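Counting with this note's numbering, you get residues 127 to 538 for the letters of the sequence shown. The beta-carbon is built from N, C-alpha and C at its ideal position, and this holds for glycine as well. Only a predicted model underlies this, so the values are computations on that prediction, with no experimental measurement involved. A short write-up of the structure that comes next.
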Amino acid sequence: MGEEKRRSTFSVLFYIKKQKLLKNGEAPICMRLTVNKQKAEIMIKRSVPAELWNQAKECSKGKDRASMELNYYIGTVRAKILQIHRELEMDGKEISATVVRDRFYGRDKVQRSLLEVYAEHNEKCRGLIGKEYSPATVEKFETSIRHLRMFIRSQYHREDVFLNEVNGQFIRDFEYWLKTTMNCRNNSALKHLKNLKKVIRIALANEWMTKDPFYGIHFKMDEVNMEFLTREELEVLMNKEFSIKRLEQVRDVFAFCCFSGMAFSDVYQLSREHLVKDNNGALWIRKARQKTKQMCNIPVLSPARRLIDKYADCPECVAKNVLFPVLSNQKMNAYLKEIADLCGIQKRLTTHVARYTAATSVFLANEVSMENVAKILGHANIKMTQHYAKVLDQSIMRDMGKVEKSFLKECV
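Given below as structure tokens:
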């Protein structure tokens, strides 16, 4: 063992990264630790004009006050690293480049890193697919962690950061990076930040962090005007004849969602067991929403009933025990774009447009109350329904017609 210790090597090297100049034009200074050929890098959060750096002496060759202070700081950092190495040797503990680096940052093995906690969260969510989460939701978490990993590499030149390094400035910088480097719109950026906030709450609950980096930071989502079909456009879509069977099937699934208000993830799983008849013989869909687990109570309108009957004997549906031959969301949206072109509809059709169409043109435009629309859509509260409650010209004219009549009576 003693012979092995004598063969161990340890070195500290300071150098600059000329290829990654900062906004002020200076080169960042990096410290490389090498223990038995294993390397670890530390950005010491100092920079220097590239022309003033003396690599042989690992310091600035400038004579001004800033250069003198920089060289003094480099000396203190080197001394601290050497002290850490000596302490590890005296304590008989494992010595590696990463151990020395982590001790330099004031951390030990029990401290957790951000991406480590995030990855554990995503893994648990993946294990709950079909119980608490849909595959699409888990994939959104995976997209968010990929963005966060890219941000850390880009801004910190590291593979991860420890939780105690995540502060308000980190959050604001991440938001700025999402909107600039990744070209995310405000709402998309905030969704990634919302996912990060969930992971931070887990860290706070487990006392892996002492301060909430989101404290005092407020985000505001932009109002989005979602497309929906008017009644006239819906009729054009329903009456359109397609020579390609797959387009007809996609149209039928979309139309069913327009008359039921069901989301794609719910109609994808819809089966006979979700159909029930009441005491009057009326057919209802009773199903818990995949996203919120809220129970939907949906009366089956005659257009929706005809579509259910149309696919009652479809071999694909019978084999899968579902009501409709539903493709993946990505393929559905691709076909819907083609269907919109064939129908002359100048709107970007997606599966979610059907849910908006149901809420607006089918339900609210026909004076279904907001409370009942909330029950049909399976919303946890009416505020969610109000997001769908687009104001239609026909509803404005209907209400203004009442005002017109009242004034006509007064005039007479």
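Would you kindly work out how many angstroms separate the C-alpha atoms of residue i and residue j, rounded to a whole number?
| i | j | result |
| --- | --- | --- |
| Asp-439 | Thr-356 | 31 Å |
| Arg-432 | Val-426 | 10 Å |
| Arg-238 | Ser-280 | 21 Å |
| Asn-313 | Val-376 | 29 Å |
| Glu-167 | His-273 | 22 Å |
| Met-194 | Glu-220 | 35 Å |
| Trp-334 | Glu-349 | 35 Å |
| Leu-304 | Phe-345 | 14 Å |
| Leu-490 | Ile-370 | 33 Å |
| Glu-129 | Ala-192 | Only weak support exists for where Glu-129 lies, its pLDDT of 42 falling under 50; the coordinates are left without a value. |
| Pro-574 | Leu-319 | What is shown of the chain runs 127 to 538, which leaves residue 574 out entirely. |
| Thr-202 | Tyr-282 | 22 Å |
| Phe-368 | Lys-403 | 33 Å |
| Tyr-244 | Ile-170 | 26 Å |
| Asn-447 | Leu-254 | 23 Å |
| Asn-162 | Val-226 | 13 Å |
| Arg-311 | Met-347 | 10 Å |
| Asp-217 | Lys-149 | 43 Å |
| Ile-343 | Val-529 | 45 Å |
| Met-510 | Phe-533 | 36 Å |
| Glu-213 | Ala-182 | 28 Å |
Can you tell me where the alpha helix (DSSP H) holding residue i begins and where it ends?
| i | result |
| --- | --- |
| Ala-192 | 191-217 |
| Leu-139 | Segment 136-142 is the beta strand (DSSP E) holding Leu-139; no alpha helix (DSSP H) there. |
| Thr-483 | 477-483 |
| Met-276 | 261-282 |
| Ser-314 | 312-331 |
| Glu-358 | 357-365 |
| Ser-386 | 371-386 |
First and last residue of the beta strand (DSSP E) that includes residue i?
| i | result |
| --- | --- |
| Gln-164 | 164-174 |
| Ala-245 | Counting along the chain, Ala-245 falls outside any beta strand (DSSP E), though it belongs to the alpha helix (DSSP H) covering 240-253. |
| Met-421 | 421-425 |
| Arg-158 | 153-161 |
| Trp-410 | 409-414 |
| Leu-401 | 401-403 |
Just tell me which of the options has its CA closest to the CA of residue i.
| i | options | result |
| --- | --- | --- |
| Tyr-198 | Arg-172, Ala-223 and Leu-214 | Arg-172 |
| Asn-321 | Thr-307, Asn-332, Glu-301 and Met-308 | Glu-301 |
| Ala-408 | Asp-392, Ser-428 and Met-308 | Ser-428 |
| Tyr-341 | Lys-323, Ala-466, Val-402 and Met-169 | Lys-323 |
| Ile-424 | Met-388, Val-444 and Val-448 | Met-388 |
| Ile-411 | Leu-254, Met-421 and His-400 | His-400 |
| Glu-258 | Lys-419, Gln-181 and Thr-486 | Lys-419 |
| Asp-228 | Met-216, Ile-207, Gly-218 and Gln-395 | Ile-207 |
| Cys-422 | Ala-182, Asn-498 and Lys-317 | Asn-498 |
| Thr-306 | Lys-317, Phe-277 and Arg-284 | Phe-277 |
| Tyr-437 | Asn-405, Asn-406, Leu-396 and Ile-471 | Leu-396 |
| Asp-378 | Ile-471, Thr-336, Ala-480 and Asp-299 | Ala-480 |
Near residue i, which residues of its chain fall below 7 Å by C-beta distance, leaving aside the five closest residues on each side in sequence?
| i | result |
| --- | --- |
| Ala-176 | Ile-142, Lys-144 and Ala-153 |
| Pro-339 | Val-292, Asn-293, Gly-294, Phe-296, Ile-297 and Ile-326 |
| Cys-469 | Val-362, Leu-363 and Lys-366 |
| Met-526 | none |
| Val-174 | Ile-142, Glu-152, Ala-153, Ile-155, Ser-186 and Leu-196 |
| Leu-147 | Ala-153 |
| Leu-360 | Cys-384, Thr-483 and Ser-487 |
| Phe-230 | Ile-168, Lys-206, Ile-207 and Ile-210 |
| Arg-275 | Leu-241 |
| Leu-475 | Leu-462, Lys-463, Ile-465 and Ala-466 |
Please return the same chain residues whose Cβ sits closer than 8 Å to the Cβ of residue i, not counting the five positions on each side in sequence.
| i | result |
| --- | --- |
| Asn-248 | Val-264, Phe-267, Glu-268 and Ile-271 |
| Lys-165 | Arg-158, Leu-159 and Ala-223 |
| Asn-507 | Ala-500 |
| Leu-178 | Ser-186, Lys-187, Gly-188 and Ser-193 |
| Leu-373 | Tyr-461, Glu-464, Ile-465 and Leu-468 |
| Glu-242 | Asp-286 |
Considering only their Cβ atoms, is the gap separating residue j from residue i smaller than 8 Å?
| i | j | result |
| --- | --- | --- |
| Phe-390 | Met-458 | yes |
| Gly-504 | Arg-398 | no |
| Phe-385 | Ala-315 | no |
| Leu-240 | Asp-190 | no |
| Thr-160 | Ala-205 | no |
| Phe-380 | Phe-450 | no |
| Lys-473 | Ala-466 | yes |
| Ala-329 | Leu-289 | yes |
| Asp-392 | Lys-413 | yes |
| Tyr-394 | Val-452 | yes |
| Glu-84 | Phe-140 | Residue numbering for the chain in the displayed model covers 127 to 538; residue 84 lies beyond these limits and cannot be assessed. |
| Thr-477 | Asn-455 | yes |
Mind checking whether the beta-carbon of residue i lies closer than 7 Å to any heavy atom of the ligand NAD?
| i | result |
| --- | --- |
| Ala-484 | This structure lacks the ligand NAD; in fact it carries no ligand of any kind. |
Residues in its own chain within less than 6 Å of residue i by CB, not counting five upstream and five downstream?
| i | result |
| --- | --- |
| Lys-235 | Here the model assigns Lys-235 a pLDDT of 48, short of 50, so the residue's position is not dependable, and the following value carries that caveat. Nothing listed; no residue qualifies. |
| Asn-309 | none |
| Lys-531 | none |
| Ile-502 | Gly-387 and Ile-424 |
| Pro-441 | none |
| Gly-256 | none |
Check whether chain D comes within 8 Å of residue i, counting only Cβ atoms and requiring the distance to be less than that.
| i | result |
| --- | --- |
| Ser-397 | In the structure shown, chain D cannot be found, because there is only a single protein chain. |
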